[in-house]
Amino acid sequence: MILRLWLLRSKSLPISLTLADFGAPCIPWTSLMLLDQDLLTAASRLETLAISLRSSTMSSILTFAQCHLPALRHLELHDSTFFTERQHPAPLILHSAPLLRSFSVSWCSLDLQEFQVPWGQLTELSVLYDAGYQWEPRHSDYVDILAQCRSLV
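Letter by letter, the sequence shown follows residues -20 to -1, 1 to 133 in mature numbering (1 follows the signal peptide of the UniProt record, and there is no 0).
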């Protein structure tokens, strides 16, 4: 409810938003749906969005990625799930983010091949994964993605 009030008061101003659960118990489904609606409402004003949630929770609020995100310049997605509880998350599919230049992602079973991000326009990319005994990617898994990131500095 506080987020919604803040979004209303900010009117048409650009927004930088950080969402983090810091190990809190699971967020109720109804709250996730309200959060998802708030993100959809503010999507056109988002300049910076940093999300640090459990992978299952994060997958529930990625609907904003289907919107046109004309102001989004920086996106961070970090899985805060405890290692023993980790699941394979839904991939990020960004439909339109023409100003996105910086992308940071850390996920337990990170398969960037499934992500649809405007790799070619990124100037900054940070990728962190926890390679446990259950999933061990090879560095070569990222070569195709890095080849698409022609603007990295």
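For each residue, glycine too, the CB sits at the ideal point set by N, CA and C.
In whole angstroms, what is the alpha-carbon distance linking residue i and residue j?
| i | j | result |
| --- | --- | --- |
| S(-11) | A(-1) | 21 Å |
| T103 | H58 | 19 Å |
| T64 | S39 | Residue placement at T64 is flagged as unreliable, the pLDDT there being 49, under the threshold of 50; the coordinate-derived value follows with that caveat. C-alpha separation (whole angstroms): 18 Å. |
| C6 | S36 | 9 Å |
| M13 | L29 | 18 Å |
| Q128 | W99 | 6 Å |
| F95 | E56 | 14 Å |
| T10 | L126 | 38 Å |
| F83 | T(-3) | 14 Å |
| T43 | I73 | 9 Å |
| P8 | P71 | 22 Å |
| D18 | H54 | 19 Å |
| W87 | R34 | 9 Å |
| I31 | R(-17) | 17 Å |
| L92 | C47 | 20 Å |
| V85 | L105 | 8 Å |
| V97 | H75 | 8 Å |
| I(-19) | R81 | 29 Å |
| W124 | Y109 | According to the sequence as given, residue 124 is Asp; it is not Trp. Roughly 17 Å separates the two Cα atoms. |
Hey, residue i and residue j: beta-carbon distance below 8 Å or not?
| i | j | result |
| --- | --- | --- |
| A51 | L79 | yes |
| V107 | Y122 | yes |
| A77 | L49 | yes |
| R25 | L(-8) | yes |
| Q101 | S60 | no |
| I41 | D16 | yes |
For residue i and chain C, any beta-carbon pair shorter than 8 Å?
| i | result |
| --- | --- |
| A30 | Structure shown: chain C not included; a single protein chain is present. |
Name the DSSP bridge partner or partners of residue i?
| i | result |
| --- | --- |
| E27 | Note: E27 sits in no beta bridge, so no partner. |
| residue 155 | Limits of the chain in this structure are -20 at one end and 133 at the other, which puts residue 155 out of reach. |
| A(-1) | S32 |
| Q96 | I73 |
| V107 | V85 |
| I(-6) | L26 |
Entirely within the region 33 to 76 and at least 4 residues each: give me those alpha helix (DSSP H) ranges in chain order.
If we require 4 residues or more, the alpha helix (DSSP H) runs fully inside the region 33 to 76 come out as 35 to 40.
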